[in-house]
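Below: one structure, written as structure tokens.
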Amino acid sequence: GDSIVHSDLVLQWFGGPGAAPMVDRHLRAPAPLAAEGKLIIPGENLVIVVDAYNGTELWRLPLPDSQRYSMPYDAGYMSVNAGRLCVAVADEARLINLASGEVERTFPVSAFVPGEQRHWGHAVLTSKRVFGTAQRTTASRTKPSRGLISADYNNNQSMVTGTHLFSAPLKGSRLGLGKWTHDGGTILNPTITLNGGRVFFVETTKPVTGSGRHSLDALRKAGLQIVCLDAETGGRLWARLVDNGLEQSRSILFLASSGEHLIATGSHLGAGNDTEYRVHCYSAKSGHELWSASHLKGKPGAFTHGEQVHHPVILGDRLIAEPAIYELATGKRLGPLDMPANWNLKRPGHSCGTLTGAGDCLFFRAANPTVLDLGKSAADRFQALAPTRPGCWINILPAQGLVLIPEASSGCVCHFSLQTSMAFRPRRQGEVK
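Taking the working numbering, the leading residue of the sequence shown gets -12, the next gets one more, and so forth.
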């Protein structure tokens, strides 16, 4: 996370883009990105890039057929690195110059997986390589509808999956020699994670046929395993079964990694009609399980505001698996300053959206965009940042020394009259409140 950001914040700028070009908030659009002083905002079949420090729009690029919805069940299709933005659009990935918005190169998915028509699913750009997945053309949710909103906020929704995972080195803007393709089982998009020269994901032990969108129960019946590949060669480093309670996951399954730790979180309907989360920590090097735990969401009967799809956040040596905090190395429960270890995060508002974090701070949607400072006493712990309505997925970015909140309330019918993008900066020492 960003090491400069803290909870004492002042408004840096506000303005466009507004609600018109944005995805309806209830459809849970992809997360924005930030790099090299720029805020990269996914709109409805387009991308908008603004100056992170003053809000000036630098460029926008229409990207027909790029839009995906219900992102808790899918994988990111945008990635930024070293002055370039990579975006998956239908059956190809486009390499875009971050400064100018010009498309430098397109990479067809057929260069990695020839034959049957497929779409480019997950897209990741590192300093030396491009990574992607091939998926069936019907896998991602690409058509907005009221029915899509109604279904995807309930339990046991289908995961978007891929058929292949692949990578190639980049030589300038061209693909270099040394590409590889992993062809194993059916890959769960929400689990794909890169860290420390390794690629982690969950896949079935044998391929599952169909549309490319499957329930976790159906995938479990095909056998689920966590797989680790060498990012440069594609060689398998280790694999282990999804077990010890994690196989109970029915509503979501995520992976995340930091240092030599790999985290898996999943959820299912637990005791008392409440969402139960499983949290498992593995050695990233060997796959050996280091610890596991479980906890309840704490909202029995509540399933329509994202209670079952919270993504974990790693803050240094702490793991936040809402509503609990764990010590990353040991699994010991922790609390904020002056609070007991069994403390649970109770947001002052809905559970829509998921957490982001930096330093001692967590950012999320409550009624308003809100910061929770884990290092402060109860009186100052929660602070609302602005009278606006954040989005229903990842919408608040602590990055580039700022807290960036692009507009994401399009389609909202609640009583929030301000529909604007904004940025906050840390208050300077001695600056008057």
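Ideal placement from N, C-alpha and C gives every residue a C-beta, glycine not left out.
- Item | Collapsed DSSP secondary structure at H13 in the structure displayed | As a first step, residue 13 must be located in the sequence shown, where it is residue number 26. In this structure, H13 counts as helix in the three-state DSSP scheme.
- Message: In the DSSP assignment, the alpha helix (DSSP H) including L85 goes from what residue to what residue?
- Response: Taking the first residue of the sequence shown as 1, we reach residue 85 at position 98. That residue, L85, is in no alpha helix (DSSP H); it is neither H nor E in DSSP.
- Query: Looking only at C-alpha atoms, which of L157, V76, A86, K158 sits nearest to A121?
  - Reply: Position 134 of the sequence shown, counting from 1, holds the residue named residue 121. Of L157, V76, A86, K158, the residue nearest in Cα terms is V76.
- Message: DSSP three-state label for K158, please.
- Response: For the purposes of this step, residue 158 is taken as residue 171 along the sequence shown, with counting starting at 1. If DSSP states are grouped into helix, strand and coil, K158 belongs with the strands.
- Message: Taking the straight line between their C-alpha atoms, what separation do you get for G70 and F351?
- Response: The sequence position of residue 70 within the sequence shown is 83, counting from 1. The sequence position of residue 351 within the sequence shown is 364, counting from 1. Taken atom to atom, the span from the alpha-carbon of G70 to that of F351 is near 28 Å.
- Task: Would you check if the distance between the CB atom of V189 and the CB atom of T196 is smaller than 8 Å?
- Result: In the sequence shown, residue 189 corresponds to position 202, counting from 1. In the sequence shown, residue 196 corresponds to position 209, counting from 1. Their beta carbons are not under 8 Å apart, which means V189 does not touch T196 by this criterion.
- Name the DSSP bridge partner or partners of P329? Mapped onto the sequence shown, residue 329 falls at position 342. First, the amino acid is wrong: residue 329 is Asn here, not Pro. Answer by DSSP bridge pairing: none, since N329 is not bridged.
- Taking Cβ positions, are T180 and L211 nearer each other than 8 Å? Looking up residue 180 in the sequence shown gives position 193. Looking up residue 211 in the sequence shown gives position 224. Going by C-beta atoms, T180 is not nearer than 8 Å to L211.
- Message: Do G378 and G340 have their beta-carbon atoms positioned less than 8 Å apart in this structure?
- Response: Taking the first residue of the sequence shown as position 1, residue 340 is located at position 353. Taking the first residue of the sequence shown as position 1, residue 378 is located at position 391. A contact, by the Cβ cut-off of 8 Å.
- In or out: V10 buried (at least 16 other Cβ within 10 Å) or exposed? For the purposes of this step, residue 10 is taken as residue 23 along the sequence shown, with counting starting at 1. Under this definition V10 is a buried residue.
- What is the rounded straight-line gap between the Cα of G259 and the Cα of F290? Translated into positions along the sequence shown, residue 259 becomes position 272. Translated into positions along the sequence shown, residue 290 becomes position 303. Roughly 13 Å separates the two Cα atoms.
- Query: Using the C-alpha atoms, what's the distance from D360 back to V(-3)?
  - Reply: Translated into positions along the sequence shown, residue -3 becomes position 10. Translated into positions along the sequence shown, residue 360 becomes position 373. Approximately 15 Å, taken between the alpha carbons.
- Query: How about V36 and G2: are their beta carbons less than 8 Å apart?
  - Reply: What you label residue 36 is simply residue 49 of the sequence shown in a count that begins at 1. What you label residue 2 is simply residue 15 of the sequence shown in a count that begins at 1. Contact: no.
- Item | Endpoints, alpha helix (DSSP H) assigned at I136 | Here residue 136 refers to the residue found at position 149 of the sequence shown. Where I136 is concerned, the enclosing alpha helix (DSSP H) stretches over 133 to 139.
- Query: Using 8 Å as the limit for Cβ to Cβ distance, is A328 near chain D?
  - Reply: Going by chain labels, chain D is absent from the structure shown, which holds only one protein chain.
- Which whole-angstrom value describes the C-beta separation of T317 and W278, a residue pair presumed to lie in contact below a C-beta threshold of 8 Å? Within the sequence shown, residue 317 is the residue found at index 330, counting from 1. Within the sequence shown, residue 278 is the residue found at index 291, counting from 1. Confirmed, Cβ separation roughly 6 Å.
- To which residues does DSSP link S198 through a beta bridge? Here residue 198 refers to the residue found at position 211 of the sequence shown. BP columns for S198 are empty, so no partner.
- Message: Could you tell me the alpha carbon to alpha carbon distance between W0 and L389, rounded to whole angstroms?
- Response: Along the sequence shown, read from residue 1 onward, the residue named residue 0 stands at position 13. Along the sequence shown, read from residue 1 onward, the residue named residue 389 stands at position 402. Cα atoms of W0 and L389: separation of roughly 11 Å, rounded to the nearest angstrom.
- Query: Can you list, in chain order, the residues of its chain whose CB lies under 6 Å from that of K284, leaving out five sequence neighbours each side?
  - Reply: The residue given as residue 284 occupies position 297 in the sequence shown. Cβ neighbours of K284 beyond the five flanking positions: D261, T262, E294.
- Mind checking who K363 pairs with in its DSSP beta bridge? Residue 363 sits at position 376 when you count from the first residue of the sequence shown. K363 is not bridged to any residue.
- On a CA-only basis, which of G346, S160, L33, A271 is nearest S(-6)? Give me that one, please. Residue mapping note: residue -6 aligns to position 7 of the sequence shown, counting from 1. For S(-6), the nearest C-alpha among the options comes from G346.
- Item | Sheet register partners of Q122 (DSSP bridge) | Position 135 of the sequence shown, counted from the start, is the residue given in the question as residue 122. Bridge partners of Q122: H106.
- Task: Could you work out which residue in H337, P51, F94 is closest to A80 when comparing CA atoms only?
- Result: The residue given as residue 80 occupies position 93 in the sequence shown. Of the listed residues, the one whose Cα sits closest to A80 is F94.
- What are the start and end residues of the beta strand (DSSP E) that includes K208? The residue given as residue 208 occupies position 221 in the sequence shown. Careful: K208 lies outside any beta strand (DSSP E), inside the alpha helix (DSSP H) at 203 to 208.
- Item | Closest Cα partner of N68 within the set K25, E44, L50 | Here residue 68 corresponds to residue number 81 of the sequence shown, with the count starting at 1. Minimum Cα distance to N68 is reached at K25.
- May I ask you to verify whether the region 214 to 228 touches the region 140 to 149, counting CB pairs closer than 8 Å and requiring at least 3? Two segments are said to touch when three or more pairs of C-beta atoms, one from each, lie closer than 8 Å; by this definition the region 214 to 228 does not touch the region 140 to 149.
- Taking 8 Å as the cut-off, decide whether the C-beta atoms of R12 and S127 are in contact. Counting from one through the sequence shown, the residue named residue 12 turns up at place 25. Counting from one through the sequence shown, the residue named residue 127 turns up at place 140. Contact flag unset, no.
- DSSP three-state assignment for A289, whether helix, strand or coil: Residue mapping note: residue 289 aligns to position 302 of the sequence shown, counting from 1. DSSP places A289 in coil when its eight states are reduced to three.
- Around the Cβ of C73, are there at least 16 other Cβ atoms within 10 angstroms (buried) or fewer (exposed)? For the purposes of this step, residue 73 is taken as residue 86 along the sequence shown, with counting starting at 1. Answer is buried; the Cβ neighbour count reaches 16.
- Query: Which residue comes first and which comes last in the beta strand (DSSP E) that contains H337?
  - Reply: Here residue 337 refers to the residue found at position 350 when the sequence shown is read from its first residue. First-last for H337: undefined, no H or E at that position.
- Which residues in the same chain as N84 place their Cβ atom closer than 6 Å to its Cβ, once the five residues preceding and following it in sequence are excluded? Within the sequence shown, residue 84 is the residue found at index 97, counting from 1. The answer, listed in chain order, is E91.
- Figure out for me which residue from V(-8), G30, C348 has the closest Cα to the Cα of P393. One-based indexing of the sequence shown puts residue 393 at position 406. Of V(-8), G30, C348, the residue nearest in Cα terms is G30.
- Message: Using the Cβ count rule (16 or more neighbours within 10 Å means buried), how would you classify E309?
- Response: Reading the sequence shown from its first residue, position 322 is the one you call residue 309. With 16 or more Cβ atoms within 10 Å of its Cβ, E309 is classed as buried.
- Message: I'd like to confirm the pairing. Which residues does DSSP put opposite R227 in its beta bridges?
- Response: The count along the sequence shown starts at 1 and reaches residue 227 at position 240. BP columns for R227 point to I213.
- Got a sec? Which residues, its chain only, sit under 8 Å from R161 by beta carbon, not counting five neighbours each side? For this step, residue 161 is matched to residue 174 along the sequence shown. Taken in chain order, the residues that qualify are R92.
- Message: Is the beta carbon of G253 closer than 8 Å to that of R265?
- Response: Taking the sequence shown and counting its residues from 1, one reaches residue 265 at position 278. Taking the sequence shown and counting its residues from 1, one reaches residue 253 at position 266. Taking 8 Å as the Cβ cut-off, R265 and G253 qualify as a contacting pair.
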